[in-house]
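Sequence lines, in order, name chains X and F. Just so you know, we're using this note's numbering here: the first sequence kicks off at 1 and counts up by one. Just so you know, we're using this note's numbering here: the second sequence kicks off at 1001 and counts up by one. Virtual Cβ for every residue (Gly too), placed ideally from N, Cα, C. Have a look at the structure below before the remarks.
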Amino acid sequence: MKDPTLFAVGLITLSAGTFAFRLAGPVLRQRISFPPWAERLLETAAVILLAALVVTTGLTEGHHLAGLARPAGVCVGGVLAWRKAPFLVVVLAAAATTAVLRLLGIP
Amino acid sequence: MSSIYRTLSGGTLRDIALACLAVWFIGLSYGAIAVASGFPLWVPAAQSVLVLAGASEFLFIGIVAAGGNPLAAAAAGLLVNARHLAYGLALPDGVTGPGLARRLLGSHLMNDESVVFALAQEDLPRKRAAYWACGLGVLLCWPAGAVLGALIGSVITDTGAFGLDAMFPAVILALIAPALRDRRLSRAAVTGAVIALAATPFLPPGLPELLALLALLTIRKTT
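Okay, here's the thing in structure tokens:
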């Protein structure tokens, strides 16, 4: 938040744009038909964006790779999520793994 | 609410309540992470009410906290939220209306959970009831969780020691884990993640995630 005005503009853009997406569907429903491939493309784009975010926030710090503790915690969370562990368990296990490793002196 | 109670079965109401509880907990981690990333309390509070779409809010604060441009962060968040257009087209007419006020509020209540519950019901009155019950539940639970999480988060000063920085990627991973079981999606996601990771040393924050969308070009068109 180096520039509060720019931040507020970003927040309002996200809010207003999201509402426009929500309103557009019911309003346009009778007028256009939405091809299934476009729907799948949107879904795929969302998953790609989020997966990229997992990697950049989980594995890197600035322009470099992060230490060992955080990636290890994220990996533990990932394995638990894959094994369909409850959300609470996934998130707390990731944080706990990272915290314990740091307690042991691993960055 | 009494009409919703009469229209929906007990099992459906229980499932909706559980979904709202899960949303409350994600909100808790969202608020805590937002404050731990250096944002004041009003940011998760305002976003949780105005945007009301978890994944895009995580994305927005994640990119801005990493030093990215807020407009790039908003663009990334809007890409994630574009799916609501498809949701609105998939919902039967009459779920969010009639009348302007119900159309506006009903549209704002559109999210992954409310749409899933609406589509699972058999007839229009039940679809309508499930949609509004879940949508209003999320409208209450998501901001309530976010504000409480932010309050808890601002008490904790050394976030690194508690591993809070690992919570954010873990939350996103847990949210996309069901989608990653689809081979086509998981291949695209891995490709995108590799692109983002490779681009991180060279690009300003926020851009590697958008560059990851190049992975869309690797998808073979299948019907």
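From X/L11 to F/G1011, what distance separates their C-alpha atoms? 37 angstroms
Spatially closest choice to F/A1161 from F/L1021, F/D1015, F/A1046 and F/A1036, by CA coordinates: Of the listed residues, the one whose Cα sits closest to F/A1161 is F/A1036.
Answer with yes or no whether the minimum CB distance from X/R29 to chain F is below 7 angstroms. Interface residue, yes.
Per DSSP, the bridge partner or partners of X/H64: X/E61
Report buried or exposed for F/P1178, applying the criterion of at least 16 other Cβ atoms within 10 angstroms of its Cβ. exposed
Could you check whether the Cβ of F/G1192 sits closer than 7 angstroms to any Cβ belonging to chain X? yes
By DSSP, does F/T1096 sit in helix, in strand, or in coil? coil
Could you check which residue in F/G1068, F/G1077 and F/W1042 has the C-alpha nearest to that of F/F1058? Ranking the options by Cα distance to F/F1058, first place goes to F/G1077.
Relative to the C-alpha of F/S1029, which residue among F/V1194, F/G1163, F/L1105 and F/D1093 is closest? F/G1163
For the stretch 80-96 of chain X against the stretch 1007-1027 of chain F, do three or more pairs of beta-carbon atoms, one drawn from each stretch, fall closer than 8 angstroms, so that the two count as touching? By the criterion of at least three beta-carbon pairs nearer than 8 angstroms, the stretch 80-96 of chain X is in contact with the stretch 1007-1027 of chain F.
For the alpha helix (DSSP H) containing F/N1081, list its first residue and its last residue. P1070 to N1081
Please report the distance separating the alpha-carbon of F/T1223 from that of X/W37. Any answer about F/T1223 is weak, because its pLDDT of 40 lies below 50 and its placement is not dependable; what the coordinates show is given next. Take the alpha-carbon of F/T1223 and the one of X/W37: they are about 8 angstroms apart.
Return the CA-CA distance between F/L1100 and X/D3, expressed in angstroms with no decimal places. 36 angstroms
Consult DSSP for F/T1223 and reduce its assignment to one of helix, strand or coil. Residue placement at F/T1223 is flagged as unreliable, the pLDDT there being 40, under the threshold of 50; a coordinate-derived value is accordingly withheld.
Is DSSP giving X/L42 helix, strand or coil here? It is helical.
Note down, in chain order, all residues in the stretch 1164-1178 of chain F with a beta-carbon under 8 angstroms from any beta-carbon belonging to chain X. L1164, D1165, A1166, M1167, F1168, P1169, A1170, V1171, I1172, L1173, A1174, L1175, I1176 and A1177
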